[in-house]
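Below you'll find the structure, written out as structure tokens, and then a few comments.
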């Protein structure tokens, strides 16, 4: 048993969940106040949209190095470094000039990238028999944190200032760091944390690895496209800014609830193909609803959040369920995070470009609808009961 695992599991799990809250909330809080930032800095729409895209590009650049950092520093120390980067990014983003806004956003993205990549490896190492349940729990925490952030950032900005409202999220990494300190003192050695893989599987030549990667990336493309376009789209359809921000929060919160149902379900299923396809169909219906009946936006954004949150949990679970060791999990997670977020970074850009080209949101939503169908096909491939080495991967076996 590792030194980390000898710590009280409740503290390890609490640290994981608080860490998870840092991975979405500070990032998604920017969306509802983009108009405020444009006014404060005199930015155009594309410059403001870069505040959504920049962290995603940072994910692509940093994720491939996360596993190597964990081997060199130890897993716990690397995750603690990620918390420090997130905290530093929040402070820099909130203190002043436009260059600091962008620099802080990039720093925040670097910390999130490391956490996104290494948390699945931590689960694989310390809780190999509880991957679906704990994956669902930290996805639930991410969704709740991001929903709360989206819902409160506009009222906080109106009551105080955008700098105070965005800076308030420093509480999340500080609280998580306090829980991680005991684990930092007892950190595992680098080799024990993320051992060098000895298996001969090449991820870059594995069809299954690519299917998981593109499944994750396509799901994230859809999520971040909606994160970027939803408030502006709703305002253009006559919703008040406060209502648009609240519905933005509803979508975030809805992504959290699939974790309550999917953890036991994923564990019981021999494979996850039917579940992945069903969630993609539900997501398609929600986007179609936004196109055809935007007055019912509250229903459609809730359904989109439920479906997207479910496929996000599946994508994370696939990383653990389709691998055979914590080292392989870290490598696959790095591939998924890097290439997947490269794809997801295109979401806000494509949605914005289609809007600028057509003058409306129909083309953007139609593109999202078509990609939901592609996501279903990818889920049928990635959801098979198989590991990267070709062995069966039935959960709990």
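Numbering (my numbering), first residue to last: 8 to 404. No residue lacks a Cβ here, since even glycine has one placed at the ideal position from N, Cα and C.
Self-check item: Own chain residues within Cβ distance below 8 Å of residue 61, not counting five before or after
Solution: Excluding residues within five positions, the ones whose Cβ falls inside 8 Å are 109, 112, 113 and 116.
Practice problem: Output the distance between the C-alpha atoms of residue 336 and residue 378, rounded to the nearest integer angstrom. | Solution: Roughly 27 Å separates the two Cα atoms.
Quiz prompt | Which listed residue (227, 329 and 47) has its alpha carbon closest to that of residue 31 | solution = 227
Quiz prompt | Helix, strand or coil at residue 394 [DSSP, three-state] | solution = Coil.
Practice problem: Determine the closest residue to residue 332 out of 136, 190 and 262, with distance taken between C-alpha atoms. | Solution: Checked all of 136, 190 and 262; the closest Cα to residue 332 is 136.
Quiz prompt | Unbroken stretches of the alpha helix (DSSP H), 4 residues or longer, contained in the region 95 to 147 | solution = Counting whole runs of 4 or more residues, the region 95 to 147 contains the alpha helix (DSSP H) stretches 105 to 133.
Quiz item: How do the region 355 to 365 and the region 249 to 263 stand: do at least 3 beta-carbon pairs fall below 8 Å, yes or no?
Solution: no
Self-check item: Extent of the continuous alpha helix (DSSP H) to which residue 170 belongs
Solution: Element bounds for residue 170: 169 to 174.
Quiz item: Since residue 280 is in the alpha helix (DSSP H), which residue starts that stretch and which ends it?
Solution: 280 to 299
Practice problem: Have a look at residue 179 and residue 156 and give me their C-alpha separation to the nearest angstrom. | Solution: 11 Å
Quiz item: Measuring CA to CA, which of 82, 101 and 259 is closest to residue 190?
Solution: 82
Quiz prompt | Whole-Å CB distance - residue 355 paired with residue 316, under 8 Å assumed | solution = So it is not a contact: roughly 19 Å between Cβ atoms.
Practice problem: Indicate the three-state DSSP secondary structure (helix, strand or coil) for residue 181 in the structure shown. | Solution: Of the three classes helix, strand and coil, the one that applies to residue 181 here is helix, per DSSP.
Exercise. Could you pull out every residue in the same chain whose Cβ sits closer than 7 Å to the Cβ of residue 238, ignoring the five residues on either side in sequence?
Key: 38, 39, 251, 252 and 255
Quiz item: Considering only residues of the same chain and omitting the five flanking positions on each side of residue 244, which have a CB-CB separation below 6 Å?
Solution: 301
Quiz item: Is residue 253 helix, strand or coil when you go by DSSP?
Solution: helix
Quiz prompt | Bounding residues of the alpha helix (DSSP H) (the contiguous stretch that carries residue 16) | solution = 16 to 29
Exercise. Figure out for me which residue from 240, 395 and 145 has the closest Cα to the Cα of residue 370.
Key: 240
Self-check item: Contact check, residue 375 vs residue 286, beta carbons under 9 Å
Solution: no
Quiz item: Among the residues of its own chain, which have a CB less than 6 Å from the CB of residue 153, if the five just before and after it don't count?
Solution: 31, 32, 35 and 259
Quiz item: Whole-angstrom Cβ separation of residue 146 and residue 323, contact assumed at under 8 Å?
Solution: 7 Å
Self-check item: Cβ-based burial, residue 209 [other Cβ within 10 Å; buried from 16]
Solution: The residue is exposed, with fewer than 16 neighbouring Cβ atoms inside 10 Å.
Practice problem: State the DSSP-derived secondary structure class of residue 2, mapped to helix, strand or coil. | Solution: There is no way to answer for residue 2, as the model of the chain reaches only from 8 to 404.
Quiz item: Looking at the unbroken alpha helix (DSSP H) that takes in residue 233, where does it start and where does it end?
Solution: 214 to 243
Exercise. Taking all protein chains shown into account, decide if residue 171 is buried (16 or more other Cβ within 10 angstroms of its Cβ) or exposed.
Key: So residue 171 counts as exposed.
Practice problem: With a 10 Å radius around its C-beta and 16 neighbouring C-beta atoms as the bar for buried, classify residue 368 as buried or exposed. | Solution: buried
Quiz prompt | Whether residue 223 touches residue 325 by CB criterion (9 Å) | solution = Contact: yes.
Quiz item: Is the beta carbon of residue 120 less than 9 Å from the beta carbon of residue 348?
Solution: yes
Quiz item: Where are the beta strand (DSSP E) runs, 3 residues long or more, that stay fully inside the region 47 to 87, in chain order?
Solution: none
Exercise. Could you tell me the distance, in whole angstroms, from the CA atom of residue 389 to the CA atom of residue 168?
Key: 45 Å
Exercise. Starting from residue 307, trace the alpha helix (DSSP H) both ways and give me its first and last residue.
Key: 304 to 328
Practice problem: Taking residue 261 as the reference, give the member of 307, 123, 272 and 225 with the closest Cα. | Solution: 307
Practice problem: Quick one: using the 10 Å Cβ neighbour count with 16 as the cut-off for buried, is residue 319 buried or exposed? | Solution: buried
Exercise. Could you tell me whether the Cβ atoms of residue 107 and residue 173 are closer together than 9 Å?
Key: no
Practice problem: Throw me the rounded Cβ distance for the residue 164 and residue 342 pair, which I believe falls under 8 Å. | Solution: Not really, about 38 Å apart at Cβ, beyond 8 Å.
Exercise. Express the C-alpha separation of residue 242 and residue 248 in angstroms, rounding to a whole number.
Key: 6 Å
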